[in-house]
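To keep things clear, I will list the structure first and then write my remarks on it.
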Amino acid sequence: MINKKVDNVKEALLGVTNNMTFMLGGFGLCGIPENAISELVRLRIENLTCISNNAGIDNFGLGLLLQNKQINKMISSYVGENDEFERQMLSGELEVELTPQGTLAEKCRAAQAGFPAFYTPAGYGTEVAKGKETREFDGKMYVLEPAFKADFAFVKAWKGDAAGNLIFKGTARNFNPLMCGAATITVAEVEELVPLGVLDPNQIHTPGIFVQRIFQGEKFGKRIEQRTVRKRS
Amino acid sequence: MINKKVDNVKEALLGVTNNMTFMLGGFGLCGIPENAISELVRLRIENLTCISNNAGIDNFGLGLLLQNKQINKMISSYVGENDEFERQMLSGELEVELTPQGTLAEKCRAAQAGFPAFYTPAGYGTEVAKGKETREFDGKMYVLEPAFKADFAFVKAWKGDAAGNLIFKGTARNFNPLMCGAATITVAEVEELVPLGVLDPNQIHTPGIFVQRIFQGEKFGKRIEQRTVRKRS
Amino acid sequence: MLDKIGIAKRIAKEVKNGYYVNLGIGIPTLVANFVRDDIEVEFQSENGVLGMGPFPFEGEEDADIINAGKQTITTMPGASFFDSATSFSMIRGKHVHLTILGAMEVSENGDIANWKIPGKMVKGMGGAMDLVASADNIIVAMMHTNKRGESKLLRRCSLPLTGVGCVTKVVTNLAVLEIKNNEFYLLERAPGVSVEVIQNATEGTLIIEGEIPEMDI
Amino acid sequence: MLDKIGIAKRIAKEVKNGYYVNLGIGIPTLVANFVRDDIEVEFQSENGVLGMGPFPFEGEEDADIINAGKQTITTMPGASFFDSATSFSMIRGKHVHLTILGAMEVSENGDIANWKIPGKMVKGMGGAMDLVASADNIIVAMMHTNKRGESKLLRRCSLPLTGVGCVTKVVTNLAVLEIKNNEFYLLERAPGVSVEVIQNATEGTLIIEGEIPEMDI
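Right, here's the structure in full:
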């Protein structure tokens, strides 16, 4: 077993600097690397490019880095519900590259899997395809999209072990497994770091080879963005 | 829940005919759809194109279809250890398209995921790339490989439910999950068909949407090709 | 004239036995409530769940189990969770049979615009561009006109497109329309709404063939 | 002169702490037995397992747990199983640090041939083409000459290629050689083997710089 365990978030983020490109897992506030984000806020590094499906809300998730103006460019599919984001974007302070969600997912997967680029139908005929190569296969049009390149990927899992194996819970899985191994260094924070051998080898979502550092996260807030319930009848 | 359960292999294979293209899961004899193969032998349909990493052995797996001369063309990555196969291939009775294993896997995944083709470095500069488009990305050369097209995919899983959800065991997973949803109709045979709700939604390897028919398999032989053991010291 | 609930009810009739369905945010989400319970249907949400159920009972919300609208949900027996790449494999690979989503504009050739108002609103396309680029069966749920009373069924969309030539049907507060041959075909009128009202509210080419029945919802 | 075990022992020294390693069929498989046990290493097999262990005890074989050579195996704590696409993501994505495989021919520019003898033998490339096209560190384990005594280290391969310009090192029964600048650089001699013997058994350009040490295995 190759040991990936580090003691805390500080050690896990060694080497992050200004001007880097980061991938951050999560959909909305679900499955986001809360500990890594807090540490990035504390470190005050800036001029960052962040690849993440969403941009958090004003006072949680990536919203915290936005408030601090640490982010220079966001690559996301959906950025609603964030006033500070909208302000920075419309004022031109923040560069935003909107990418169809399936394309965003596959650009991560391509980076993980060593594919340089791929053809997808998403965005053909729209401004997303502007300046990009398009091509017909079997009578349908596709857009060529390159794989992402990033320095660090920050992901959040439910359970993990020292070998770097990860298991996610529910829809908190989302982009997290795709970002593992898609950046030079992948840092995983887990709710529960279990002893080696506890996880069933047949039920690993992300094999440890895709993870360089893993640590036990602290105080996960796990906020709910839209609390919807029904009454008991 | 959309019910995919059928009563037996006969019902599961309704619609298979001569001249079709099939995908068959498995690596060597590990995780092969034994029940489907037996039924194809019984049905005596012929002039088949089979996509499968290997071609079985003389008296098991796809070797049974070869003995019957039901297969016209094989698309595989490795076909050693099969005398009848070698004879048919060298005599020209059998057409063989050898494909790098990772390319074979991805051609299945591309079909499943709606990608028309992909660029892979495998086979560049070899006869595998002959006649294919090649292209440079970041100083490295890649070959464009199209997605597979197939009429039926036959896969074998460990456990499954009526919704078509599948769980595989150990290395019997291999190509099986990638072929699900990669053909017009996917037929899954399982060692154990469990009641709906028994499988943990978090631990499904193949969501039921990729499977059209599922049935409880019978009498799995699960032969071992190379029995290697060590002595107890 | 229909309200949002009415639109959802009418669209629910388009959901057939054996369908996997992706519901967009807003009116489409309501459709799930009105699907006949004697047919087999599964709802997919692109953030990574198949087999969505109703909202959880109070106190049973789980922050790790949400839909694409970020609402807390439950799952049905036979459900599964998966990553975003697998989710879009389902969509891009045409395994999802029906996509229902909202729009700001639809044109007579089936273009749709629903993600951006230049200089004003840029929330992003989320999964909509993947959905409309891949699905064979796309129903748009929307009001027939915008807040200024202008038609949203146009000859050409004025807003940045989400997808081209992809919408197959539109269900509005006034009518059900099919898009074919680069024209809107009027199929049904909302209760109490005349053909003339629909004609006046439709900027794109409207084809009216024979007697147009009132919706049965 | 080394036997197969000797070659495996020498290659085992190339396996460094923290390496994920893919071992081909034949001599490479033996390498696992000789890796120092004070370093952290994991073995990947392209049929879908990471963290391979030794062969099972008699009676404990599981038909569902095999390596790429179709041999029954066991797994170590921390192991994982995955599908073939994920397996080649590890390989193509350069997450595997070292690939060790056999060859029929290697050329001085790093080409390798190991999958086909036209008209005679066609077993297929299996995962070898993916491995050699992607890995940065590829060691070939083979005999220096074939059964007819002809060199397998050539100016140009005569057999159909598996990959081009990819081999970084060759370990044979006679020597350890590095491939750079389109030449074979002699690094080490097998015990008791002279430089002259190696020179005579090598058809490709052989660079001999200074005193060539004997292997320490």
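Protein chains in written order, with our numbering: chain B, 962 to 1194; chain X, 962 to 1194; chain E, 3 to 219; chain S, 3 to 219. Cβ coordinates follow ideal geometry from the N, Cα and C atoms, glycine included. Given the structure is predicted, the values throughout are model-derived calculations rather than measurements.
Tell me where the beta strand (DSSP E) around residue i begins and ends.
| i | result |
| --- | --- |
| Ser47 (chain E) | 43-47 |
| Lys1034 (chain X) | 1032-1037 |
| Phe90 (chain E) | Not the beta strand (DSSP E): Phe90 (chain E) falls in the alpha helix (DSSP H), residues 86-94. |
| Ile998 (chain B) | Note, Ile998 (chain B): premise wrong, no beta strand (DSSP E); alpha helix (DSSP H) at 995-1004. |
| Leu985 (chain B) | 982-985 |
| Met962 (chain B) | Counting along the chain, Met962 (chain B) falls outside any beta strand (DSSP E), and DSSP gives it neither H nor E. |
| Glu107 (chain S) | 107-109 |
| Ala81 (chain E) | 77-83 |
| Thr1010 (chain X) | 1009-1012 |
Mind checking which residues open and close the alpha helix (DSSP H) that includes residue i?
| i | result |
| --- | --- |
| Lys125 (chain S) | Segment: none, Lys125 (chain S) is in no alpha helix (DSSP H) and carries neither H nor E. |
| Gly8 (chain E) | 6-14 |
| Pro30 (chain E) | 29-33 |
| Ala973 (chain X) | 970-973 |
| Gly53 (chain E) | Unbroken run through Gly53 (chain E) is the beta strand (DSSP E), 51-54; no alpha helix (DSSP H). |
| Gly1024 (chain B) | 1023-1028 |
Starting from the beta carbon of residue i, find every residue of chain D whose beta carbon is closer than 7 Å, and list them in chain order.
| i | result |
| --- | --- |
| Lys1130 (chain X) | Of the protein chains in the structure, B, X, E and S, none is chain D. |
List, in order along the chain, the chain B residues whose C-beta lies closer than 8 Å to that of residue i?
| i | result |
| --- | --- |
| Ala1078 (chain X) | Tyr1080, Phe1098 |
Short check: CB of residue i to CB of residue j, under 9 Å?
| i | j | result |
| --- | --- | --- |
| Gly1063 (chain B) | Gly53 (chain E) | no |
| Asn979 (chain X) | Leu1009 (chain X) | yes |
| Leu1127 (chain B) | Ile1170 (chain B) | no |
| Arg1134 (chain B) | Gly121 (chain E) | no |
| Ala81 (chain S) | Pro1162 (chain B) | yes |
| Thr1060 (chain B) | Ala1114 (chain B) | no |
| Lys1117 (chain B) | Ala1149 (chain B) | yes |
| Thr1087 (chain X) | Cys991 (chain X) | no |
| Tyr1085 (chain B) | Ala135 (chain E) | yes |
| Leu924 (chain B) | Val1002 (chain B) | There is simply no residue 924 (chain B) to check, as chain B begins at 962 and stops at 1194 in what is shown. |
| Ile993 (chain X) | Cys1011 (chain X) | no |
| Phe36 (chain S) | Ala65 (chain S) | no |
| Tyr1103 (chain B) | Pro1077 (chain B) | no |
| Tyr1039 (chain B) | Phe1079 (chain X) | no |
| Ala70 (chain E) | Glu44 (chain E) | no |
| Ala973 (chain B) | Ala997 (chain B) | yes |
| Thr174 (chain E) | Met127 (chain E) | no |
| Lys966 (chain X) | Glu60 (chain S) | no |
| Met1050 (chain B) | Val199 (chain E) | no |
| Val1151 (chain X) | Trp1119 (chain X) | yes |
| Leu100 (chain S) | Val142 (chain S) | no |
| Glu62 (chain E) | Ile1185 (chain B) | no |
List the residues of chain X whose Cβ lies closer than 7 Å to the Cβ of residue i, in chain order.
| i | result |
| --- | --- |
| Ala81 (chain E) | Pro1162 |
| Met92 (chain E) | Ile1170 |
| Tyr1103 (chain B) | Pro1077 |
| Gly20 (chain E) | Ile963 |
If the cut is a Cβ gap below 9 Å, which residues of chain S does residue i touch?
| i | result |
| --- | --- |
| Asp1122 (chain B) | Pro79, Gly80 |
Just checking residue i against the ligand FMN - is the residue's beta carbon closer than 8 Å to any of the ligand's heavy atoms?
| i | result |
| --- | --- |
| Arg191 (chain E) | Summarising the ligand content, the structure contains no ligands, and the ligand FMN is consequently not present. |
What residues of chain B sit near residue i, judged by a beta carbon separation below 7 Å?
| i | result |
| --- | --- |
| Gly95 (chain S) | Gln1073, Ala1074, Gly1075, Gly1142 |
| Phe59 (chain S) | Here the premise fails: no neighbours, minimum Cβ distance about 18 Å. |
Quick one: list the residues of chain X neighbouring residue i, beta-carbon separation under 9 Å, in chain order.
| i | result |
| --- | --- |
| Gly167 (chain E) | Near Gly167 (chain E) there are no residues of chain X at all, since even the closest Cβ is about 18 Å away, more than 9 Å. |
Can you list the residues of chain E that residue i reaches, using a CB-CB cut of under 8 Å?
| i | result |
| --- | --- |
| Met962 (chain X) | Glu42, Glu44, Gly53, Met78, Pro79, Gly80 |
Could you name the residues of chain X that residue i contacts, counting a contact when the two beta carbons are closer than 8 Å?
| i | result |
| --- | --- |
| Ser136 (chain E) | Gly1075 |
Note down, in chain order, every chain E residue with its Cβ under 7 Å from the Cβ of residue i.
| i | result |
| --- | --- |
| Val1089 (chain B) | Met131 |
Determine the chain E residues that contact residue i at a beta-carbon separation under 9 Å, and present them in chain order.
| i | result |
| --- | --- |
| Gly1125 (chain B) | Per Cβ cutoff of 9 Å: no residues; Gly1125 (chain B) is ~17 Å from chain E at best. |
3 or more residues per run - each beta strand (DSSP E) lying fully within the segment 132-196 of chain S: List check, beta strand (DSSP E) in window: 140-143, 171-173, 177-182, 185-191.
Against chain E: residues of the segment 1158-1179 of chain X by CB proximity under 7 Å: Interface annotation for the segment 1158-1179 of chain X against chain E: Gly1158, Pro1162, Asn1163, Ile1165, Pro1168, Gly1169, Ile1170, Phe1171, criterion Cβ-Cβ distance under 7 Å.
Entirely enclosed beta strand (DSSP E) segments - the segment 1040-1115 of chain X, minimum 3 residues: Counting only runs of 3 or more, we get 1056-1059, 1078-1081, 1095-1098, 1101-1107.
Residues of the segment 996-1029 of chain B with Cβ closer than 8 Å to any Cβ of chain S, in chain order: Flagged: no residues at all.
Every unbroken alpha helix (DSSP H) inside the segment 1112-1174 of chain B [4 residues or more]: Fully enclosed alpha helix (DSSP H) runs of 4 or longer: 1137-1140.
Within 9 Å of chain B by C-beta, residues of the segment 97-117 of chain S in sequence order: So the list reads His97, Val98, given in the order they occur along the chain.
Residues within the segment 1178-1194 of chain B neighbouring chain E, beta-carbon criterion of under 8 Å: Within the segment 1178-1194 of chain B, the qualifying residues are Lys1183, Arg1184, Ile1185, Glu1186, Gln1187, Arg1188, Thr1189, Val1190, Arg1191, Lys1192, Arg1193.
Members of the segment 1038-1067 of chain B that neighbour chain E once the beta carbon cut-off is set at 9 Å: Correct list: Ser1038, Tyr1039, Val1040, Gly1041, Glu1042, Glu1047, Met1050, Leu1051, Val1057, Leu1059, Thr1060, Pro1061, Gln1062, Gly1063, Thr1064, Leu1065, Ala1066, Glu1067.
Selection of the segment 45-57 of chain S by Cβ proximity to chain B, strictly under 9 Å: Residues of the segment 45-57 of chain S that bring their beta carbon within less than 9 Å of a beta carbon in chain B comprise Gln46, Val51, Leu52, Gly53, in sequence order.
Selection of the segment 1134-1146 of chain X by Cβ proximity to chain E, strictly under 9 Å: Within the segment 1134-1146 of chain X, the qualifying residues are Gly1142, Ala1143.
Interface positions of the segment 26-38 of chain E facing chain X (Cβ-Cβ less than 7 Å), listed along the chain: Taking 7 Å as the Cβ-Cβ cut-off against chain X, none of the residues of the segment 26-38 of chain E qualify.
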